[in-house]
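The next block holds one structure in the form of structure tokens; read it before the comments.
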Amino acid sequence: MTKYFIEDNIDFYKILQQSLTETTEYSVQEQLCLISTVPLTEHYVRMDCGHAFNYIPLYNEIIKQKFRLKYNTTYVLQCPYCRAKHSNLLPYYPELNVNLVYGVNTDDIFYKMVIDKRTSKLVYENTLHYFLNGQCCYNYTHLDSDLEMHITPCENTCVIVHAETSKMYCVLHIQEAKKLYRIQEKAKEKDAKQKKKAEEKQKIKEEKLKLKEDTKKINMQHNRCGYMLTTGPNKGTQCKNKQLENSLCKTHLSKGSNTENKI
């Protein structure tokens, strides 16, 4: 047996053995799927953060994230090991017999999936609609080299009826149409609230103005001469002069007006 010496209480041989053991353990970990802990297979996926997973466990985890937990947006994948987010999609291997899913392993919106509320299962969105023969109402817009706007109608004839507007759209544009409808409805709702708020504000303003005018009239009536005119074009109305003394104005006070005509 080879002898070795320990200097300054440092066992270099022991540290070397530990280092070799840790390296071996790390190497073994690198060769295992970090979800299923089984060896990596041919189509394993190594994410940008460096963590590797077999395709099927990773695919199932991403499906769970997006549809069950609703963690991520369309073009974001989250590493199940370190939770780092990556802006890319999984590759697609037909031989693995997995579904093409929009936002998971394809960017083709035709393969968009949703949870069927009736069965709580994932289904392709286009299977929830009844398709008809018709003309898609969507119009493409683009600018030419002279910066002139051109409109080109969508040529798809396999369409779905938009429930709220009764217009027809193909599977590529139905979601955009629904989104636009929601935006327009929110805008209308916002405008209605602002209009109602403005009307209430105007009503309050008018009520305050009326109250101010009524108060002014009351004050004027209290400060006006209390003599009822008996002659002239204003006969039978209250004198409009300001009170001076004994509820009478200077004119009627000086004339010694009959108190029977006071109000």
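Using our numbering, the letters of the sequence shown map in sequence onto residues 5 to 267.
Glycine included, every Cβ here is placed at the ideal spot set by N, Cα and C.
*Under 8 Å by Cβ, that's how I've got residue 176 and residue 113 pegged, so tell me the actual separation to the nearest angstrom.*
6 Å
*Alpha carbon to alpha carbon, how far is residue 248 from residue 231?*
12 Å
*Can you give me the start and stop residues for the alpha helix (DSSP H) that residue 255 sits inside?*
254 to 258
*Within 10 angstroms of its Cβ, does residue 54 collect 16 or more other Cβ (buried), or is it exposed?*
exposed
*Excluding the 5 residues preceding and the 5 following residue 116 in the sequence, name in chain order all residues of the same chain whose CB lies nearer than 6 Å to its CB.*
106 and 129
*Just the C-alpha distance for residue 36 and residue 119, rounded to the nearest angstrom, thanks.*
32 Å
*asked:* Contact between the segment 210 to 217 and the segment 165 to 179 is defined here as three or more beta-carbon pairs at a separation below 8 Å; is this criterion met?
replied: no
*asked:* With three or more C-beta pairs closer than 8 Å as the rule, is the segment 39 to 55 touching the segment 83 to 103?
replied: yes
*Which first and last residues belong to the beta strand (DSSP E) in which residue 143 is found?*
143 to 147
*For the segment 51 to 113, list the alpha helix (DSSP H) runs that are entirely contained and at least 4 residues long, ordered along the chain.*
59 to 67
_Which of helix, strand or coil DSSP assigns to residue 242_ = strand
*How close, in whole Å, do the beta carbons of residue 145 and residue 155 come, if the pair is a contact with beta carbons under 8 Å?*
6 Å
*Name the DSSP beta bridge partners of residue 122, please?*
For residue 122, which the question treats as bridged, DSSP gives no partner whatsoever.
*From what residue to what residue does the beta strand (DSSP E) around residue 165 run?*
162 to 165
*Using a Cβ-Cβ cut-off of 8 Å (strictly less than) and excluding sequence neighbours within five positions of residue 241, which residues of its own chain qualify?*
232 and 233
*Return the first residue and the last residue of the beta strand (DSSP E) that residue 157 is part of.*
153 to 157
*Just how far apart, CA to CA, sit residue 28 and residue 164?*
With a pLDDT of 43 at residue 28, under the threshold of 50, the modelled position of that residue is not reliable, and no figure is offered here.
*Between which two residues does the beta strand (DSSP E) harbouring residue 173 extend?*
172 to 174
*Whole-angstrom C-beta distance between residue 158 and residue 142, which should lie under 8 Å*: 4 Å
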